[in-house]
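Numbering follows numbering that gives the first Met the number 0, in which position 75 of the sequence shown is assigned residue number 74; successive positions increment by one, without gaps.
Backbone N, C-alpha and C fix where the C-beta goes; we use that ideal spot for every residue, glycine too.
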Amino acid sequence: MNSRIDFLFSSLVIFLITSNISASIGGNETDYQSLLQFKLMITDEVLLSSWNTSVHFRDWSGVSCGKRHRRVTALQLKSQGLEGSLSPHVGNLSFLRELYLTNNSFQGMIPQELGRLTRLRVLDLGRNRFDGVIPTNLSRCANLNDLRLDFNKLVGSVPKEISFLSKLPILSLRTNMLTGGIPHMLGNITSMEVFSAAENPFGGSIPDTLGRWRSLRGLGFGGCNLSGTIPDSIYNLSRLANFSLAGNQLAGSLPSDLGARLPYLVLLQFRSNNLTGPLPPSISNCSKLTLLEMGDNYFSGKLTIDFGKLKDIYKVTLYNNNFGFGEADDMKFIDTM
Ligand SMILES: *[C@@H]1O[C@H](CO)[C@@H](O)[C@H](O)[C@H]1NC(C)=O
Ligand SMILES: *[C@@H]1O[C@H](CO)[C@@H](O)[C@H](O)[C@H]1NC(C)=O
Ligand SMILES: *[C@@H]1O[C@H](CO)[C@@H](O)[C@H](O)[C@H]1NC(C)=O
Ligand SMILES: *[C@@H]1O[C@H](CO)[C@@H](O)[C@H](O)[C@H]1NC(C)=O
Ligand SMILES: *[C@@H]1O[C@H](CO)[C@@H](O)[C@H](O)[C@H]1NC(C)=O
Ligand SMILES: *[C@@H]1O[C@H](CO)[C@@H](O)[C@H](O)[C@H]1NC(C)=O
Ligand SMILES: *[C@@H]1O[C@H](CO)[C@@H](O)[C@H](O)[C@H]1NC(C)=O
Ligand SMILES: *[C@@H]1O[C@H](CO)[C@@H](O)[C@H](O)[C@H]1NC(C)=O
Ligand SMILES: *[C@@H]1O[C@H](CO)[C@@H](O)[C@H](O)[C@H]1NC(C)=O
Ligand SMILES: *[C@@H]1O[C@H](CO)[C@@H](O)[C@H](O)[C@H]1NC(C)=O
Ligand SMILES: *[C@@H]1O[C@H](CO)[C@@H](O)[C@H](O)[C@H]1NC(C)=O
Numbered sequence: 000m001n002s003r004i005d006f007l008f009s010s011l012v013i014f015l016i017t018s019n020i021s022a023s024i025g026g027n028e029t030d031y032q033s034l035l036q037f038k039l040m041i042t043d044e045v046l047l048s049s050w051n052t053s054v055h056f057r058d059w060s061g062v063s064c065g066k067r068h069r070r071v072t073a074l075q076l077k078s079q080g081l082e083g084s085l086s087p088h089v090g091n092l093s094f095l096r097e098l099y100l101t102n103n104s105f106q107g108m109i110p111q112e113l114g115r116l117t118r119l120r121v122l123d124l125g126r127n128r129f130d131g132v133i134p135t136n137l138s139r140c141a142n143l144n145d146l147r148l149d150f151n152k153l154v155g156s157v158p159k160e161i162s163f164l165s166k167l168p169i170l171s172l173r174t175n176m177l178t179g180g181i182p183h184m185l186g187n188i189t190s191m192e193v194f195s196a197a198e199n200p201f202g203g204s205i206p207d208t209l210g211r212w213r214s215l216r217g218l219g220f221g222g223c224n225l226s227g228t229i230p231d232s233i234y235n236l237s238r239l240a241n242f243s244l245a246g247n248q249l250a251g252s253l254p255s256d257l258g259a260r261l262p263y264l265v266l267l268q269f270r271s272n273n274l275t276g277p278l279p280p281s282i283s284n285c286s287k288l289t290l291l292e293m294g295d296n297y298f299s300g301k302l303t304i305d306f307g308k309l310k311d312i313y314k315v316t317l318y319n320n321n322f323g324f325g326e327a328d329d330m331k332f333i334d335t336m
């Protein structure tokens, strides 16, 4: 009887020891080491002084842990004035779901190791000084639903592998130095709702595959050095609210039924392009429109938009176009404003 209790007892001890060891390898000890490595590559006096050994890491400023497994699930360090580079050890925080490092002064490359974070849902590295290319391995973070790399110094082209993130609704690449055109394969991310690529010297044209983004509400391509025409498939994105193509070299004319196909437009910015033909009167039916910027193009013909129907419009720019035929009622549209 006694020996049996002994046996149960000792196997219980062995169980405790082994579970403790497994918690150390690839467990909370790894998280602890990863956070220390993260801290090592940053210079900061204020925030990270709370990251010290007298306090458990789950109580460190900006660190969140899961209640059950006590692993790091979120790092929220927005606008903390952090300077330095991002440690590849962050890729060992295997339970991480949210990484917000927005608006700091991180520089250097975005580590490929982030691709190991398969539970990651939000990656916001916006408003830093990251340079180098977008790591291909980010495509392995299959659960990402918000990826923001905006306002950095990223170069090279958008890896076509990013299109493997088939559940991604938000992708912001705004204001970087990305080149190499807009990859056709991005059209495969059919969950896309907001795609912001403005202010990058991409070059090339708008791929017609983007017409597959049927849930799209925001499309920002301003200042992307794009040429060619606007593919007709884009006018099939009927939920589009914010649509900016300003400051490119896009040519061709707009479809006469634009207003009927994009009825929910709020913002329409096509200024500073090479667009020709008339401004479709159907724009009068975009009843939610607040901003219409069409200046600096080669639009022509009589302007017949009924601005009276656009109750929320607060800004219209039409300068530098070829409107009117010198007829007496050329300026009649002003009466509708
Ligand atoms: C990791 O977990 C083990 C077992 O729960 C515990 O003894 C140890 O203190 C933990 N280490 C850290 C750094 O949290
Ligand atoms: C450690 O961090 C705590 C707050 O988390 C702070 O009160 C304490 O002063 C810090 N200790 C040192 C030595 O910086
Ligand atoms: C960025 O962080 C600085 C402090 O480091 C703050 O003053 C500024 O308002 C922040 N900007 C944004 C856009 O959050
Ligand atoms: C954590 O990541 C670093 C760099 O990516 C790697 O060298 C190291 O072996 C990893 N450590 C553990 C405990 O997984
Ligand atoms: C990047 O992903 C590949 C598989 O696609 C893998 O073999 C490699 O180890 C990953 N690199 C890092 C640094 O995690
Ligand atoms: C992605 O889209 C391209 C066309 O843009 C297509 O050729 C390719 O097969 C698609 N890939 C996957 C994995 O769906
Ligand atoms: C714009 O793109 C064209 C090719 O499409 C390229 O030749 C030109 O250098 C680019 N201009 C800028 C300012 O990036
Ligand atoms: C549209 O633009 C407005 C103003 O910039 C912004 O507040 C809103 O969030 C944008 N909506 C989408 C879906 O992009
Ligand atoms: C636009 O949608 C219509 C109706 O679903 C479809 O017949 C047409 O082929 C689409 N056009 C493009 C260019 O995708
Ligand atoms: C756009 O118009 C400008 C000015 O007329 C011209 O120099 C440029 O070649 C045109 N670009 C395209 C792509 O048509
Ligand atoms: C606006 O929509 C109505 C209803 O669909 C249609 O009859 C009318 O012709 C449209 N107006 C313009 C200017 O396209």
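- Sixteen is the threshold: since fewer than 16 other Cβ atoms of the shown chains lie within 10 Å of the Cβ of P200, the residue is exposed.
- DSSP, read as helix, strand or coil, puts A196 in coil.
- T189 and Y263 have their C-alpha atoms some 19 Å from each other.
- Of the other Cβ atoms in all chains shown, 16 or more fall within 10 Å of the Cβ of E292; this residue is therefore buried.
- DSSP places S33 inside the alpha helix (DSSP H), whose first and last residues are 27 to 39.
- By the Cβ test, the stretch 94 to 105 is in contact with the stretch 119 to 137, since at least three Cβ pairs between them sit closer than 8 Å.
- DSSP places G258 in the uninterrupted alpha helix (DSSP H) bounded by 257 to 260.
- For ligand 10, no non-hydrogen atom lies closer than 8 Å to the CB of Q106.
- Our two residues, S299 and F242, have alpha carbons roughly 21 Å apart in a direct line.
- The beta carbon of L172 lies closer than 6 Å to those of L148, A196 in the same chain, with the five residues before and after it left out.
- Checking the DSSP bridge columns, you'll see S171 partnered with R147, S195.
- Distance from the CA atom of R270 to the CA atom of L244, rounded to whole angstroms, is 7 Å.
- Listed by position in the chain, the residues whose beta carbon lies within less than 5 Å of some heavy atom of ligand 9 are G210, D231, S232, N235.
- Assignment of alpha helix (DSSP H) within the stretch 215 to 274, counting only whole runs of 4 or more residues, yields 257 to 260 in chain order.
- Sequence-distant partners of S214 (beyond 5 residues in either direction) whose C-beta falls short of 8 Å from its own C-beta, in its chain, are P168, T189, S190, M191, E192, R238.
- Sorted by position in the chain, S48, S49, N51, S53, V54 make up the residues whose C-beta lies under 6 Å from a heavy atom of ligand 2.
- Here S49 has W59, S60 as same chain residues with Cβ atoms under 7 Å from its own Cβ, once five neighbours each way along the sequence are excluded.
- Annotation for R115: G90 place their beta carbon closer than 6 Å to its own, counting only its chain and skipping 5 residues before and after.
- If you draw a straight line from the Cα of V71 to the Cα of S226, it comes to about 46 Å.
- In this structure, the beta-carbon distance from L137 to I109 falls below 9 Å.
- Shown here, R120 sits in coil according to DSSP, grouped into three states, outside any helix or strand.
- A residue is called buried once 16 or more other Cβ atoms fall within 10 Å of its Cβ, and A73 is buried on that count.
- Relative to ligand 7, the beta carbon of G202 is positioned inside 8 Å of a heavy atom.
- Relative to T275, the option among L257, N235, F322, S104 whose CA is nearest is F322.
- A straight-line Cα-Cα distance of about 6 Å links D311 and K287.
- For the 9 Å CB-CB criterion, G210 and D231 form a contact.
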